[in-house]
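Enquirer: Position one of the sequence shown corresponds to residue 1277 (the numbering used here), numbered consecutively onward.
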Amino acid sequence: MTEHALAPSAERDASPPKTAVRGLLLQRKCACGAGAGSSGECESCAAGRQQNLQRKSNGASGGQGVPDSVNETLARPGRPLDADTRDFMESRFGSDFAAVRVHDDSAAGASARDVDAHAFTVGQDIVFGDGQYQPHSDSGRHLLAHELAHTVQQQGLQRSGISNLADQGPHYQRLEREADFAADSVMRGQPLASGVLSQGGPRLSRKDGKGKSQDYEVESRYKDLEMSTGHKVTPEKKTTAKVKGKDKELASYDVDFLELHEVKGPVLKEWQSKAKAKALRAIITLQGAKAQEAGLWQMRVSSDELRSRWVNLRGWKMGDALNAAWQKAGGDAEFPKVGGGTCEMDHIIELQVGGDNTQENIQVLDRLDNGMSGSLIKQQVFGLAQAIAQKIEEGGEEPPAQIRMVFADSKMKGTGKCGPCCETGKKLGKPGKDGRADKSTETLIDYPVVAGGSTRVLRVSEKSKTPPIFESGIPENVAGAEILPGLLLMTLRRVGKGKDTINAMIDNRDRTRLPITLPAKGTGVVLDVAEDGGLTLSAAAKKNAGIAFTYDYLSPGVFTKLDLVPGGVAGEGYITPSKVPLLQKIEVAFSPEYFRLKAPLDKDKLKPPFAGVKITEASLAIDLAPKLKPVGTVAFEFGTAKKIAASKVEVSADENGLVLTGVLFVYLPGVDEAKGEIKYQAGEWSGGAHIESGQMAGKIPYVKSGAVDVFLKAGKIDASGKVNLELPGGNEAALEISYAANKWVFQGRGKIKVKSPYLKPIQASLWYDGELFIAKGQAGFAFSGLDGIIDATYENKGGKEKVYGKGDIKIDKGRAKGNIVVELLPNEKIIGKGKLSYEIKKDMVATAGITVDEQQKITFDGELSFPDITLFKRFPEKQEDQPIFSASGSIPIPGASIGPIGLKVKLWGSLGYYYYVGPGVLTGIKATVKFSPFEADPDFSFNLKAKASIPAGGGISGKVGADVVIDLYIAEVGGGLNVEARAGLEGKAELAGEIAYSKDKFSVDASAYIGGSVVLAAALNARVFAEAGVWRFKVRTEKTWKLLGGTFDTGLSLGVRLPLHYDSIDGFRMPKLSDIKPEPAQLNLDPSKMLSNLFGNATKEEHEV
């Protein structure tokens, strides 16, 4: 669908009525506030409108002008919808179609052909081509629904002529798409949602047939927007508010001029002066691309106050004298009537474009001229704002919340109309004594001040250096104190020309745009007064304003910076909200057009409303004047690791401040999603959700009944309620809900029977978090002779169950004693480890680890440790010597002689040996063994790792004696040799290795060897004597040999090998004498060698006696 712009379009009022008016069918109040005539509007509004035409095309190329046949058809009365059709359509549109008129006669068909349409709509008139009006067929009903959508779009707007059909631009196309959507919804039987249809002004809308749509290029760049709808509109190069980043809430544009209709009166000069001072500006609030309202810095004072200010400016006071003078000037006998009608007080510069309520900004106009001029200015300003918003929207961007337009000039065709009221006001003379306003007896002088392109003359005391202004009681001063919108001039401080200052204060009266409360004494703002009366902000006020205030909705604030700008005062500061959710310290800015945040708030600039809550998304803009108006949404989630609730609230305000409303989504354990409401209002949170057990069935195991409430209270989220369970085993239990550690938990106690064959029912604490149901407690345990109590856990997750547990069980069964830590695995297997003492036989107790494996077999696992075992006592108990040899006969003593005579020795005595074995001991006994200790008669068969310690010893004992004998030549020889021999032998049989154990019987067999070198500890003292007569001996000679002493190695090895046998039944078997085998088998002692060694190493001495 394409739009045909016929001329600069007249735009709708901000709040159009919902029912169109045609002829004399209905009278209503005009959107501008004045009384409406038969057309449904006041004459001024009606005169200011133009209409376009929307049509359903048949395909032929349309001309550029509107055919006469269209106006001729629209001049006919038409007919209303039939009752059935009207009911059908009204129920789906939610609109009243009583005023709709259908044209489907031959004249209508001709006009439809002339505009190339199947049907077209103008206002509340729908014109159909030949045969196109078929309200009871599907295609005909769709066409009718499409055209009825256009009547909704054009409600409240009347036509005063129709322009050409050339423009089928984006706005036209958007309206056509809306109409198609509405028709499709109607045919599907769906009610049309509110706000689907725009109300963009009356147009000729036509339903295309086979025609070819026109293509148009539309400038869509946001910053470089330049458009022409009779005006040149460009982005403002510099804004007064220093906004961080791109300002999505306010878009500012320069507009080349603002057009005045001549009915505004001869005031063009004042408008141009305002524009020259950059103070002619308007700010329009939007919803989407639709204008909603104009921002006013000063709210309109009452009509009586306006009259009083106009009269006071001229020196008059109300009363008979004024009435007489008014009548003399051409009016009626009572001020302010002329020709039977009441004249109206008009703001020369309208409040919506920067005007004020001062007496110099008031003129007298006829009621019709006043209403018409105001309406036309409003239409123009609103239309421009909407055209800009549509261009932004068509460029793919979202329009801002507000559009500001600064007008560079003002134009008017002609010099301006001055009607009867205007003329009478001009002719009103000066007051005489009776009509003069009461004046102070004090001498007053004129004191002009200039700001924003306007001059106001104050009347101040000639003598006072600090005359009051706003609170002076002098009407000129009271009105003139408002020359700077946003400030009130309080006190003049007269120093000298060009050096005077004025103490002002922020204007926070109810009718201004700053809804703030100042301290009782206020905070002064010092203005410098130039020689020509121009007002500027003092350097101190600019640098650090420091104006404390209280914003009624959000709490304390400070204006830190002020500046004078065209149209009034601007500034920046901050508000520190107290006891308000979401908001932290926020930076604010105000100007003649707004009081709002410096920048929209995103989630990073907001604080969570509750502990344990995080903000997930936010888009929040806040207008602070004329009243708190937040717009946006904030979404947040409860919970940290897991989301337990969430909400997305719409932010608005009421008389008490911030209001947050939205849906609360609660994610309880066992509940997919529960919906409730959440609300913050009057400083309190409220709302919550109620959940019945039916919503939990199939989610929480074993649920039978119950209910839960989630609620917001005292700044936090909480819950109460319980669910009743029927646990396996026929046991009942209850779970209560709580909110702790940022999560929901159901908790309770109960007795639950589980499927494990080893466990008795668990006396359990019950817990459910939405996924996992847990029963945890103690339960009886029985397995293969092991009985006790373990800590058991039952889990149920989505119907999948598992049981596991662990416990330390005492063992005292038969010959087994100890303890074992058993573990019940989720696969229903049991494993365990512990320590066990086991009496294998009397006086034989083994200790070892015990293991239960996954095959459920209980065995010793590891080494059995045994105490030392005494195998046998010492054998023989008493020492028994065994002979080695006996000595007899004479043996020459090698190297022993007296003189030449050799000596011999006659040996006597014997040498023997002895031995012993024992006691036998098994030490360090360990056994690697696996058996079931709880069997009645376990079959032990294993090898012991042990050491058999069997000490053994022996020795050589005996005495050898000798007498010296002489063979020849010696008459007498005497003396003797004594040798005492001792040889000690010690040994030990140590058997390392495995010793068999089977059928309660140990058996040990070994061969022990005891032996060593034979070492004689010899003590020798040989003394030999001879009588005289033998060789050199004369009388008697003695010879003594002294041995060195110590040990004497015989050079022999002596050993004994004997067999050993022990078993735990028969005990130790003594070796027989025949079992003992000496080594070597034959022991040979060479006495000669032995004696030779003895005497050969001795020292000798021979002397005569």
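The beta carbon of each residue, even a glycine, is placed where N, CA and C say it ideally should be.
Under three-state DSSP, which class holds L1644?
Expert: Looking at L1644 - three-state DSSP - the assignment turns out to be helix.
Enquirer: I'd like the span of the beta strand (DSSP E) that includes H1379, first residue to last.
Expert: That run of the beta strand (DSSP E) goes R1377 to H1379.
Enquirer: With a CB to CB cut of under 7 Å and the five nearest residues on each side skipped, what residues in its chain are close to E2130?
Expert: For E2130, where only same-chain residues beyond five positions count, the Cβ hits under 7 Å are K2105 and I2107.
Enquirer: So, using beta-carbon positions, are P1884 and G1843 closer together than 7 Å?
Expert: Going by C-beta atoms, P1884 is not nearer than 7 Å to G1843.
Enquirer: If you draw a straight line from the alpha carbon of V1910 to that of I1891, how long is it in whole angstroms?
Expert: For V1910 and I1891, the distance between alpha carbons rounds to 7 Å.
Enquirer: Going by the CB atoms, is the gap between G2083 and D2063 shorter than 7 Å?
Expert: Contact: no.
Enquirer: How big is the Cα-Cα spacing for V1841 and K1741?
Expert: Spanning the two alpha carbons is a distance of roughly 28 Å.
Enquirer: Taking the beta strand (DSSP E) that M1781 belongs to, which residues open and close that run?
Expert: M1781 -> beta strand (DSSP E) spans T1777 to I1782.
Enquirer: Nearest CA to the CA of K1819: which residue from G1606, V1801 and I2134?
Expert: Closest option to K1819, Cα to Cα, is V1801.
Enquirer: Within 10 Å of its beta-carbon, does P1353 have 16 or more other beta-carbons around it, so buried, or fewer, so exposed?
Expert: Classification for P1353: exposed.
Enquirer: For my contact list, D1722 and R1735 are in at a C-beta cut-off of 8 Å; report their separation, rounded to the angstrom.
Expert: With 8 Å as the limit, D1722 and R1735 qualify as a contact, their Cβ atoms being about 7 Å apart.
Enquirer: Please name the residue in S1928, A1921 and A1958 whose C-alpha comes closest to that of E1949.
Expert: Nearest C-alpha to E1949: A1921.
Enquirer: Can you give the Cα-Cα distance for V1856 and E1913, rounded to whole angstroms?
Expert: Their backbone Cα atoms lie some 18 Å apart in a straight line.
Enquirer: Going by the DSSP bridge assignment, what does L1768 pair with across the sheet?
Expert: Paired residue(s): I1778.
Enquirer: May I have the straight-line CA-CA distance separating M1621 from K1689, to the nearest angstrom?
Expert: Spanning the two alpha carbons is a distance of roughly 23 Å.
Enquirer: Count the other CB atoms, across all protein chains shown, that sit within 10 Å of the CB of A1897; report buried if there are 16 or more and exposed otherwise.
Expert: That one is buried.
Enquirer: From the DSSP output, read off the bridge partner residues of P1343.
Expert: Answer by DSSP bridge pairing: none, since P1343 is not bridged.
Enquirer: According to DSSP, is F1914 helix, strand or coil?
Expert: Strand.
Enquirer: Compute the distance between the beta-carbons of H1394 and G1405, then report whether it is under 7 Å.
Expert: Closer than 7 Å, so yes.
Enquirer: Classify R1872 as helix, strand or coil using the three-state DSSP reduction.
Expert: If DSSP states are grouped into helix, strand and coil, R1872 belongs with the strands.
Enquirer: What residues in its chain sit with their C-beta under 6 Å from that of G1571, if we drop five residues either side in the sequence?
Expert: Correct list, in chain order: I1559 and E1869.
Enquirer: Quick one: what does DSSP say S1730 is sitting in, helix, strand or coil?
Expert: It is a strand residue.
Enquirer: To the nearest angstrom, report how far apart E1454 and Q1408 are at their CA atoms.
Expert: Approximately 21 Å, taken between the alpha carbons.
Enquirer: Quick one: using the 10 Å Cβ neighbour count with 16 as the cut-off for buried, is Q1657 buried or exposed?
Expert: Per the sequence presented here, residue 1657 reads as Val, with Gln not at that position. Buried, since its Cβ has 16 or more Cβ neighbours within 10 Å.
Enquirer: Should S1528 be labelled buried (16 or more other beta-carbon atoms within 10 Å of its own) or exposed?
Expert: Buried is the call here.
Enquirer: Near P1977, which residues of its chain fall below 7 Å by C-beta distance, leaving aside the five closest residues on each side in sequence?
Expert: Contacts found: F2049 and N2072.
Enquirer: Around the C-beta of K1773, are 16 or more other C-beta atoms found within 10 angstroms, so that it is buried, or is it exposed?
Expert: K1773 comes out exposed.
Enquirer: If you draw a straight line from the alpha carbon of T1916 to that of D1456, how long is it in whole angstroms?
Expert: So the two alpha carbons sit approximately 47 Å from each other.
Enquirer: What residues in its chain sit with their C-beta under 8 Å from that of L1811, if we drop five residues either side in the sequence?
Expert: V1725, V1726, A1727, I1759, L1760, I1778, L1803, D1804, V1805 and L1840, listed in sequence order.
Enquirer: When burial is assigned at 16 or more other CB atoms within 10 Å of the CB, is R2025 buried or exposed?
Expert: Exposed, since its Cβ has fewer than 16 Cβ neighbours within 10 Å.
Enquirer: Comparing C-alpha positions only, which one of H1507, A1597, L1838 and K2086 sits nearest to I2126?
Expert: Closest by alpha carbon: K2086.
Enquirer: For the beta strand (DSSP E) that contains G2083, what are its first and last residues?
Expert: Note, G2083: beta strand (DSSP E), K2076 to K2089.
Enquirer: For K2111, which residues does DSSP report across the bridge?
Expert: DSSP output for K2111 lists N2095 and G2125 as bridge partner(s).
Enquirer: Looking at C-beta atoms only, is the number of pairs between the stretch 1592 to 1599 and the stretch 1628 to 1637 that lie closer than 8 Å three or more?
Expert: They do not touch, by the three-pair rule.
Enquirer: Do S1889 and G1762 have their CB atoms nearer than 7 Å?
Expert: Rather than Ser, the amino acid found at residue 1889 in this sequence is Val. No.
Enquirer: Less than 7 Å separating the beta-carbons of G1963 and L1940?
Expert: Yes, they are a contact pair.
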